[in-house]
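From first to last, the protein sequence lines stand for chains A and B.
The numbering used here puts the first residue of the first sequence at 844, with every later residue one more than the last.
The numbering used here puts the first residue of the second sequence at 191, with every later residue one more than the last.
Yeah, the Cβ is synthetic: ideal placement off N, Cα and C, and Gly gets one too.
The structure presented is a predicted model; accordingly, all values stated were derived computationally and were not measured.
Data first, discussion second: the structure below is written as structure tokens.
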Amino acid sequence: MAKQIVEMLVETATLELPDVKTIHLKWPEGYEADFKTGQFITLYWPHKQKYKRAYSLSSCALDRGFFDVTVKRDGKMGTSIVDWCEAGDKLFVIPPVGKFLPAFEPPGKHLICIAGGSGVTPFRGFVREATRRNLDTRITVLYTVRSTKDIIFNDEFRQLEKENPRFKFEVTCTRLAPEDPWTGRRGRITADWVKTFIGDAANTVFYACGTNELVAATEHLVLEELKLAKEQMRTEKWG
Amino acid sequence: MSTQIPADLKYAKSHEWSRIAGDTATVGITDHAQHELTDVVFVELPALGRQVKAGEACAVVESVKTASDIYAPLSGEVIELNKAVADNPSLVNTEPYVGGWFFKLKLAAPAEAGQLLSVDQYRQQIGG
């Protein structure tokens, strides 16, 4: 069936950080979407139909009746959404597509999800679905941010960690002042750090979502250093 | 799919190309860059007459996935803009080296071109 473009109401608009906003797009009555966790939707404003931007869903396929996307203030669309978008606005939505999908089948996999900045947004969907379905899939999110003020969904990920013993949320900060009280890891994501989370490499699937540099570094680690198969690596550049 | 890297151009590490003719350079972004960006939906060009220095951010290109600065590969004055690419940003994807050029510079220091990458150096950089 052809993907139907629909106009959706922004039901809520929530500022997650000063430069990051989640918009909750309500499906119109009678609308049903056949989609998977990890896919992205494409948005455009009714008055600017040629200008479109794609955003990964930060909600999951079990969330029915709405799509959530979490948008960084970047470019014309990111700026207009973060600065201006509010409940009651309408946006056109091209339904979800994409292959950045969690490997929940066959069961028992370990998903190591490497994210930078707003690249963490699709992984909220991964963890939500795995937790609600009580899957035996292990998920480890390795998240690089500049400072503790830049962690998106910190409260929700910490809560999901409590609910789901197979989920770990590990943050590393790259630009904290030395006197900052943060007791977690500092510095960039390194191959050695990632390796500490790998148990059974053959049963692990790696995901990378973020800048081209972050994705390339992860690909290098998985394909060149660990010599794993391409099928064990899934990437989304600036999801 | 193989990436086009025309032999008659010079390249910046930040993926801009320059077609130099006398003291003028036409500037755009490479086939590799447009491929990485995916579908380009917006191009913001510098002001006509602006003086730019090599390495200075002077334009913006946005694709469906991301927004990126475009850097002047050489120093000089912006003397011509490609209005067609501002009106139809998809030219960056379909004709990166022809209809998808961004602006022309009157070069302030033509010798700077020696700092840019050759075809082989750029191919090596992008792993082609």
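Between residue i and residue j, is the Cβ-Cβ spacing less than 8 Å?
i, j, result
"G290/B", "V275/B", "yes"
"I924/A", "I848/A", "no"
"C956/A", "V988/A", "no"
"I982/A", "F943/A", "no"
"F947/A", "T980/A", "yes"
"R209/B", "D198/B", "yes"
"S961/A", "V863/A", "yes"
"T1078/A", "E1062/A", "yes"
"E302/B", "A244/B", "yes"
"A223/B", "E246/B", "no"
"G1053/A", "G959/A", "yes"
"Q315/B", "L306/B", "no"
Starting from the beta carbon of residue i, find every residue of chain A whose beta carbon is closer than 8 Å, and list them in chain order.
i, result
"A257/B", "D917, G918, K919, G921"
Residue i versus chain A: which residues are under 7 Å apart at the beta carbon?
i, result
"E252/B", "G918, K919"
How many Å lie between residue i and residue j at the Cα?
i, j, result
"V230/B", "S280/B", "5 Å"
"G317/B", "R1018/A", "30 Å"
"L858/A", "D932/A", "15 Å"
"T964/A", "E999/A", "12 Å"
"E252/B", "I260/B", "10 Å"
"E270/B", "K919/A", "24 Å"
"K294/B", "V217/B", "6 Å"
"A967/A", "M1076/A", "Checking the displayed sequence, the identity of residue 967/A turns out to be Arg instead of Ala. About 19 Å."
"P1008/A", "E285/B", "51 Å"
"E929/A", "E850/A", "15 Å"
"S899/A", "C248/B", "29 Å"
"G1082/A", "L886/A", "With a pLDDT of 44 at G1082/A, under the threshold of 50, the predicted position of this residue should be treated as unreliable, though the coordinate-derived value follows. C-alpha separation (whole angstroms): 14 Å."
"V984/A", "E1013/A", "6 Å"
"L978/A", "F232/B", "42 Å"
"N997/A", "L860/A", "11 Å"
"Y970/A", "Q311/B", "The sequence shown places Val at residue 970/A, rather than the Tyr named in the question. When rounded, the distance between both Cα atoms is 43 Å."
"E1028/A", "K1038/A", "The residue asked about is misnamed: residue 1028/A is Arg in this sequence, not Glu. Roughly 15 Å separates the two Cα atoms."
"R313/B", "N283/B", "19 Å"
"R1031/A", "Y874/A", "43 Å"
"G155/B", "A298/B", "The structure shown does not extend to residue 155/B, since chain B spans only 191 to 318, so no value can be given for it."
"L235/B", "A1059/A", "29 Å"
"K255/B", "D277/B", "19 Å"
"I994/A", "T1033/A", "19 Å"
"N272/B", "P196/B", "20 Å"
"K1080/A", "N1055/A", "6 Å"
"D213/B", "D1035/A", "50 Å"
Show which residues of chain B have a CB atom less than 8 Å away from the CB atom of residue i.
i, result
"T1047/A", "Per Cβ cutoff of 8 Å: no residues; T1047/A is ~25 Å from chain B at best."
"T885/A", "V254"
Going by alpha carbons, who is nearest to residue i out of the options?
i, options, result
"A257/B", "L227/B, I219/B, Q305/B", "L227/B"
"A215/B", "H222/B, V242/B, D221/B", "V242/B"
"Y1042/A", "F969/A, S990/A, L954/A, A958/A", "Sequence check: residue 1042/A is Gly here, not Tyr. Out of F969/A, S990/A, L954/A, A958/A, L954/A has the C-alpha closest to the C-alpha of G1042/A."
"P939/A", "P861/A, K952/A, A904/A, I982/A", "A904/A"
"V853/A", "L860/A, W927/A, F878/A", "W927/A"
"L238/B", "T193/B, G266/B, D213/B", "G266/B"
"S192/B", "I219/B, H225/B, A211/B, D213/B", "H225/B"
"I219/B", "D277/B, Q194/B, A303/B, V254/B", "Q194/B"
"E1074/A", "R1001/A, F935/A, P945/A, K992/A", "P945/A"
"S901/A", "K895/A, K891/A, K879/A, T1026/A", "K879/A"
"A1044/A", "E1006/A, D877/A, G951/A", "G951/A"
"T855/A", "W1025/A, L934/A, K891/A", "L934/A"
"V883/A", "K895/A, L1064/A, R916/A, E1022/A", "The sequence shown places Phe at residue 883/A, rather than the Val named in the question. Of the candidates K895/A, L1064/A, R916/A, E1022/A, the one whose C-alpha sits nearest the C-alpha of F883/A is K895/A."
"V250/B", "K893/A, Q892/A, D917/A", "D917/A"
"A897/A", "E1022/A, K915/A, D1023/A, A1051/A", "K915/A"
"W888/A", "T922/A, E872/A, A876/A", "T922/A"
Check the Cβ of residue i against every Cβ in chain B and list those closer than 9 Å, keeping chain order.
i, result
"T987/A", "In chain order: nothing, as chain B lies at least about 17 Å away."
List the residues of chain B that residue i touches, going by C-beta distances under 7 Å, in chain order.
i, result
"Y894/A", "V231, F232"
"A897/A", "V254, K255"
Could you tell me which chain A residues have their CB closer than 9 Å to the CB of residue i, listed as they occur along the chain?
i, result
"E226/B", "N1055, K1080"
Tell me whether residue i counts as near the ligand MG, meaning its Cβ is closer than 7 Å to at least one heavy atom of that ligand.
i, result
"T922/A", "Within the structure as shown, the ligand MG is missing, as the structure has no ligands at all."
Three or more C-beta pairs closer than 8 Å, one from the stretch 196-214 of chain B and one from the stretch 1058-1077 of chain A: is that the case here?
-> no
Specify whether the stretch 859-869 of chain A and the stretch 907-918 of chain A touch according to this definition: at least 3 beta carbon pairs, one from each stretch, less than 8 Å apart.
-> yes
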